[in-house]
Amino acid sequence: MRVASVLVPLPVAEAFDYELPDGMTVGRGTQVTVPLGPRRLRGVVTETRETTGSNRRLKAIEAVLDDPPLPERTVDFIEWAARWTLSPPGEMAQMALKGLRNPAPRPERRVRHLPGRDPARPTPSRTAALAALGERSLPAADLARAAGVSSGVIKGLLDEGVLEVVEVSAVAAFDPPRPDHAPARLSPDQVAAAAAMADGVASRAFAPFLLDGVTGSGKTEAYLEAVARTLAAEPDAQILILLPEIALTQALIERIAARFGATPAEWHSGVSPPSRRKVWEAVIAGRCNLVVGARSALFLPFANLRLLLVDEEHDASFKQDEGLVYHGRDLAVVRARIEGAAVVLASATPSLATLWNARQGRYRWLRLGARHGTAVLPDVALVDLRETPPGRDQWLSPPLRKAMAETLARSEQVLLFLNRRGYAPVVLCRACGHRLTAPDTDSWLVEHRYTGRLVCHLTGFSMPKPRACPACGAEDSLVPVGPGVERVEEEAKSLFPEARAAIFSSDTAPDGRTARALIEAMAAGEIDILVATQAAAKGHNFPGLTLVGVVDADLGLRGGDLRAAERTFQLLTQATGRAGRADRPGLALLQTWTPEHPVLQALAAGDRDAFVEAEMAEREIAVLPPFGRLAALVLSSENVPALERTAAELAKAIPNAERLEVYGPADAPLALVRGRRRKRLLVRADRDVDLQGFLRAWLARVKVTASVRLTVDVDPYSFL
Ligand code: ADP
Numbered sequence: 090m091r092v093a094s095v096l097v098p099l100p101v102a103e104a105f106d107y108e109l110p111d112g113m114t115v116g117r118g119t120q121v122t123v124p125l126g127p128r129r130l131r132g133v134v135t136e137t138r139e140t141t142g143s144n145r146r147l148k149a150i151e152a153v154l155d156d157p158p159l160p161e162r163t164v165d166f167i168e169w170a171a172r173w174t175l176s177p178p179g180e181m182a183q184m185a186l187k188g189l190r191n192p193a194p195r196p197e198r199r200v201r202h203l204p205g206r207d208p209a210r211p212t213p214s215r216t217a218a219l220a221a222l223g224e225r226s227l228p229a230a231d232l233a234r235a236a237g238v239s240s241g242v243i244k245g246l247l248d249e250g251v252l253e254v255v256e257v258s259a260v261a262a263f264d265p266p267r268p269d270h271a272p273a274r275l276s277p278d279q280v281a282a283a284a285a286m287a288d289g290v291a292s293r294a295f296a297p298f299l300l301d302g303v304t305g306s307g308k309t310e311a312y313l314e315a316v317a318r319t320l321a322a323e324p325d326a327q328i329l330i331l332l333p334e335i336a337l338t339q340a341l342i343e344r345i346a347a348r349f350g351a352t353p354a355e356w357h358s359g360v361s362p363p364s365r366r367k368v369w370e371a372v373i374a375g376r377c378n379l380v381v382g383a384r385s386a387l388f389l390p391f392a393n394l395r396l397l398l399v400d401e402e403h404d405a406s407f408k409q410d411e412g413l414v415y416h417g418r419d420l421a422v423v424r425a426r427i428e429g430a431a432v433v434l435a436s437a438t439p440s441l442a443t444l445w446n447a448r449q450g451r452y453r454w455l456r457l458g459a460r461h462g463t464a465v466l467p468d469v470a471l472v473d474l475r476e477t478p479p480g481r482d483q484w485l486s487p488p489l490r491k492a493m494a495e496t497l498a499r500s501e502q503v504l505l506f507l508n509r510r511g512y513a514p515v516v517l518c519r520a521c522g523h524r525l526t527a528p529d530t531d532s533w534l535v536e537h538r539y540t541g542r543l544v545c546h547l548t549g550f551s552m553p554k555p556r557a558c559p560a561c562g563a564e565d566s567l568v569p570v571g572p573g574v575e576r577v578e579e580e581a582k583s584l585f586p587e588a589r590a591a592i593f594s595s596d597t598a599p600d601g602r603t604a605r606a607l608i609e610a611m612a613a614g615e616i617d618i619l620v621a622t623q624a625a626a627k628g629h630n631f632p633g634l635t636l637v638g639v640v641d642a643d644l645g646l647r648g649g650d651l652r653a654a655e656r657t658f659q660l661l662t663q664a665t666g667r668a669g670r671a672d673r674p675g676l677a678l679l680q681t682w683t684p685e686h687p688v689l690q691a692l693a694a695g696d697r698d699a700f701v702e703a704e705m706a707e708r709e710i711a712v713l714p715p716f717g718r719l720a721a722l723v724l725s726s727e728n729v730p731a732l733e734r735t736a737a738e739l740a741k742a743i744p745n746a747e748r749l750e751v752y753g754p755a756d757a758p759l760a761l762v763r764g765r766r767r768k769r770l771l772v773r774a775d776r777d778v779d780l781q782g783f784l785r786a787w788l789a790r791v792k793v794t795a796s797v798r799l800t801v802d803v804d805p806y807s808f809l
């Protein structure tokens, strides 16, 4: 009997075996329909084999689907990623099929010039229309626009049989990028980096790079040149550019369109279902060279992936903590290895993990020096709040206010950075001291004045602000404590009533379109003071911006997880790096209560190496990543006794292992989320320990009851 292993979309650790009916041919990657109980599921074949005299009765594969098979290397990647993250491989496979589950876009109706047919009356408009069309096919409306003629002219040509209507499947619609459309004049540094990356691609072997250079040093320009060289050498090469946030994609897409004369494909949660389907089909057919996307684009079934670029590689948004738990940057490196491709991790503040790999010689380290052109890095100064504190219920210190006034007087722009949405992070009762918390989650409610609601930022729960304290009943006693961006904007407006102020956060810019509108308004100088969370700290160019005020530089340092210092350093470097990008020098002022903190000292001195040295030394002593490895197990349940029981069973079942410790189980810092109690265990291992093997052996010993959810997080970024 012939047997095929099939990945099905279920939370199981293995592929299921099915009988392969006579006459049916499948291979690795073939998409099939299989029965499972009463259901029919779409599955992906991983392997086939002959068996003799099995006594198991297997069900048979029902049908081979018309949809194209996943490329073998995509299947290799899925299986590898599932093993590494201890995720169900069938659910990983679903990530690669995502675009396919959307409805197909309707074919586009376009007009085409019938060869050899000329109009009986060649009026100037008709001649112009035919000249604009050439040998292409275009939607009639686009042609009318391109030729500057009325739609009646096109209709006349159609009626006369000079033009004909053709239906074009949308898959054909990604125009190939043109490498020499609008090349930039690069600095010698940029040329050297681009050449190295392109040579990496040409080697046809796994070639990882760190592209390291301060904000504005021209990294993007350099990697676009590597893209151009790659496409010039291999016109059917596919290239994937990953960005941490949707808000960044539009600007890059426009830059690519200007550089290559063709719009790249876009892939993230904001893309419409028919467009996703179109991208998916074009990618698997090898008819799309360039994809710009969020981390999930990693799972697209590329036919010929040659180069992966991970921009802002240090960004924690590449880590997905819910559902399938994976790190987009790390898996990009894995995918490149499996594809035999080049991968470039670009950042002004590379993660410690990446720096460590570069130091070890695992990644080739490309450095870009000064900022491009005349722009210089901003001066960074610390404002010691102990010496110059802001007034009561104010957040902007006298030195920052003075610098703002001077900047605005020169008609330049100010960015006030505070990584906190809403008006106030805490609401307190003046009468009894009660702090308002969410009903089903261990988190304080945040006051939002724009919407007049109290919001839980973890779950999205919200309620109107009550008039009376829910604890003591006192009326009008609830007061906001501490600042969020809305409150800082209020203060800035009252200080500078003439200035045009705006807020940039996920509340005011919830999607790519609104984010882009705000970014464009800021870039065009239509905003004088932008108060922003981290959403605006990344990657944007604001030529008129010369002052960045960091309202609370201590904020990120307080949380105290493994990467608190690293993240703070990166975020503040990115935020302060916004200033002085064009020809005007910038200034960044960091308000702090602890100016002696090493992170802030390193920032003020502009000394990244000093920070990295200090932080690496601490991690090395504790044998924490990148020197050691971590994995977290999170248990959650509404059923507290079942949760306790499972946690105790897990604790009893820990396999013996050397150079590895298990901490916990302990109540999670966020002990209650959406009504579920949470417990955590943390595993620390030396680098050479088979951590995944240990976890698999451990979990095989314990049966987790249905009412308890277990999440395994290899290399956790969240410790809550
Ligand atoms: P990074 O990605 O390192 O932040 P970018 O590539 O975005 O830097 O470059 C910063 C700015 O400098 C951009 O406005 C870019 O267009 C410009 N720039 C970079 N390199 C060049 C170049 N060789 N010629 C002209 N402008 C450049």
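Heads up, this note's numbering is the position in the sequence shown plus 89, with the first residue counted as 1.
From the three backbone atoms N, C-alpha and C, an ideal C-beta is built for every residue, glycine too.
Assigned exposure category for residue i - 16 Cβ within 10 Å defines buried
i	result
His537	buried
Gly502	The residue asked about is misnamed: residue 502 is Gln in this sequence, not Gly. So Gln502 counts as buried.
Trp682	exposed
Lys408	buried
Thr141	exposed
Ile150	buried
Arg810	What is shown of the chain runs 90 to 809, which leaves residue 810 out entirely.
Ala795	exposed
Met493	buried
His270	exposed
Glu428	buried
Met181	buried
Ile608	buried
Tyr539	exposed
Glu564	exposed
Asp804	buried
Leu219	buried
Pro158	buried
Pro204	exposed
Met90	exposed
Neighbourhood of residue i by C-beta distance below 7 Å, restricted to the same chain and skipping five residues each side
i	result
Gly450	none
Asp264	Ala351
Asp278	Leu457, Gly458
Thr496	Val503, Thr635, Leu636
Asp325	Gly375, Asn393
Phe631	Gln502, Met611, Ala612, Arg667, Arg670
Own chain residues within Cβ distance below 8 Å of residue i, not counting five before or after
i	result
Val797	Leu724, Ser725, Ser726, Asn728, Ala731, Leu732, Thr735
Pro228	Glu197, Arg198, Arg199, Val200
Arg790	Ala742, Pro744
Asp395	For the sequence presented, residue 395 should be read as Arg rather than Asp. Correct list, in chain order: Val290, Thr319, Glu323, Ala326, Gln327, Ile328, Glu428, Ala430, Ala431.
Residues near residue i in its chain [Cβ-Cβ closer than 6 Å; skip 5 each side]
i	result
Lys244	none
Between the segment 407 to 424 and the segment 363 to 376, do at least 3 Cβ pairs fall closer than 8 Å?
-> Counting Cβ pairs under 8 Å, fewer than three are found: no touch.
Give every residue whose Cβ lies closer than 6 Å to any heavy atom of ligand 1, listed in chain order.
-> Spelled out in chain order, the answer is Ala273, Arg274, Leu275, Ser276, Gln279, Gly302, Thr304, Gly305, Ser306, Gly307, Lys308, Thr309, Glu310, His461, Asn630.
Go through the segment 674 to 736 residue by residue and report every complete run of the alpha helix (DSSP H) that reaches 4 residues or more, in order.
-> 687 to 694, 697 to 711
Do the segment 320 to 334 and the segment 378 to 397 make contact, defined as three or more Cβ pairs closer than 8 Å?
-> yes
The segment 675 to 693 / the segment 631 to 651 touching (three or more Cβ pairs under 8 Å) | Because the criterion of three Cβ pairs below 8 Å is met, the segment 675 to 693 and the segment 631 to 651 touch.
Jot down the residue ranges of each uninterrupted beta strand (DSSP E) in the segment 298 to 378, minimum 3 residues, whole runs only, in chain order.
-> The segment 298 to 378 contains these whole beta strand (DSSP E) runs: 327 to 331, 354 to 356.
What are the uninterrupted segments assigned as beta strand (DSSP E) that are 3 or more residues long and contained completely in the segment 224 to 279, given in chain order?
-> 252 to 257
Complete runs of the alpha helix (DSSP H) confined to the segment 389 to 439 [at least 4 residues] | 417 to 428
Using 8 Å as the threshold, is the segment 232 to 249 in touch with the segment 206 to 224, meaning 3 or more CB pairs across them?
-> Taking 8 Å as the limit for Cβ pairs, the verdict is that the segment 206 to 224 does touch the segment 232 to 249.
Counting Cβ pairs closer than 8 Å, one from the segment 517 to 525 and one from the segment 749 to 757, do we hit at least three?
-> no
Please determine if the segment 569 to 580 and the segment 505 to 514 are in contact, where contact requires at least 3 C-beta pairs separated by less than 8 Å.
-> Using a C-beta cut-off of 8 Å, the segment 569 to 580 makes contact with the segment 505 to 514, since at least three inter-stretch Cβ pairs fall below that distance.
Evaluate contact between the segment 614 to 626 and the segment 587 to 601, counting only Cβ atoms and requiring at least three cross-stretch pairs below 8 Å.
-> yes
Given 8 Å, three or more beta-carbon pairs between the segment 299 to 310 and the segment 479 to 493 = Touching, no.
Segment contact, 8 Å Cβ cut-off, at least three pairs: the segment 434 to 450 with the segment 165 to 177 = no
Uninterrupted alpha helix (DSSP H) stretches inside the segment 487 to 569 (no shorter than 4 residues) | List check, alpha helix (DSSP H) in window: 487 to 498.
Going along the chain, which unbroken runs of the alpha helix (DSSP H) with 4 or more residues stay wholly within the segment 150 to 199?
-> The qualifying runs are 161 to 174, 178 to 186.
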